[in-house]
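Encoded as structure tokens, the structure appears first; notes follow it.
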């Protein structure tokens, strides 16, 4: 199933920025690597949305492979 749009909540954008700053403080350049990795994971939903573990009704969880971070999402038919 291909996804037309991926919509991020404002809270998600804030959480990603906080995590990026945290990783940048740990090691210079790690924040950018974190951001790029998570954005890549989110973009993978265009192809793979719905194959991840369903954790509650219509909520799915994608675990990042490189960071201890989870992406929760739901599919909406519009």
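Numbering (the working numbering), first residue to last: 1 to 78. Where is the CB? At the ideal position from N, CA and C, for every residue including glycine.
I need the straight-line Cα distance from residue 1 to residue 72, nearest angstrom please. Counting from one through the chain shown, the residue named residue 1 turns up at place 1. Counting from one through the chain shown, the residue named residue 72 turns up at place 72. Because residue 1 sits at a pLDDT of 47, beneath the cut-off of 50, its placement in the model cannot be relied upon, and the following sentence gives the value as read from the coordinates. C-alpha separation (whole angstroms): 18 Å.
Please say whether residue 31 and residue 20 have beta carbons closer to each other than 8 Å? Numbered from its first residue, the chain shown carries residue 20 at position 20. Numbered from its first residue, the chain shown carries residue 31 at position 31. Yes, the Cβ-Cβ distance between residue 20 and residue 31 is below 8 Å.
Given residue 75 as reference, the closest of 67, 69, 60 and 66 once Cα atoms are compared: Within the chain shown, residue 75 is the residue found at index 75, counting from 1. Of 67, 69, 60 and 66, the residue nearest in Cα terms is 60.
Suppose you measure from the CA of residue 6 to the CA of residue 24; what does that come to, to the nearest Å? Locating residue 6 in the chain shown gives position 6, where the first residue counts as 1. Locating residue 24 in the chain shown gives position 24, where the first residue counts as 1. Those two C-alpha atoms are separated by around 26 Å.
When DSSP labels each residue in this structure, what does residue 61 get in the three-state scheme? Reading the chain shown from its first residue, position 61 is the one you call residue 61. In this structure, residue 61 counts as strand in the three-state DSSP scheme.
Expressed to the nearest angstrom, what Euclidean distance is found between the alpha-carbon atoms of residue 66 and residue 10? Numbered from its first residue, the chain shown carries residue 66 at position 66. Numbered from its first residue, the chain shown carries residue 10 at position 10. Going from the Cα of residue 66 to the Cα of residue 10 covers about 23 Å.
Check the C-beta distance from residue 35 over to residue 16 and give it rounded, since I have them as a contact under 8 Å. Here residue 35 is taken as the residue at index 35 of the chain shown, counted from 1. Here residue 16 is taken as the residue at index 16 of the chain shown, counted from 1. So it is a contact: roughly 7 Å between Cβ atoms.
Buried or exposed by the 16-neighbour rule on C-beta atoms within 10 Å, applied to residue 39: Numbered from 1 along the chain shown, position 39 holds the residue referred to as residue 39. Exposed, by the Cβ-count rule.
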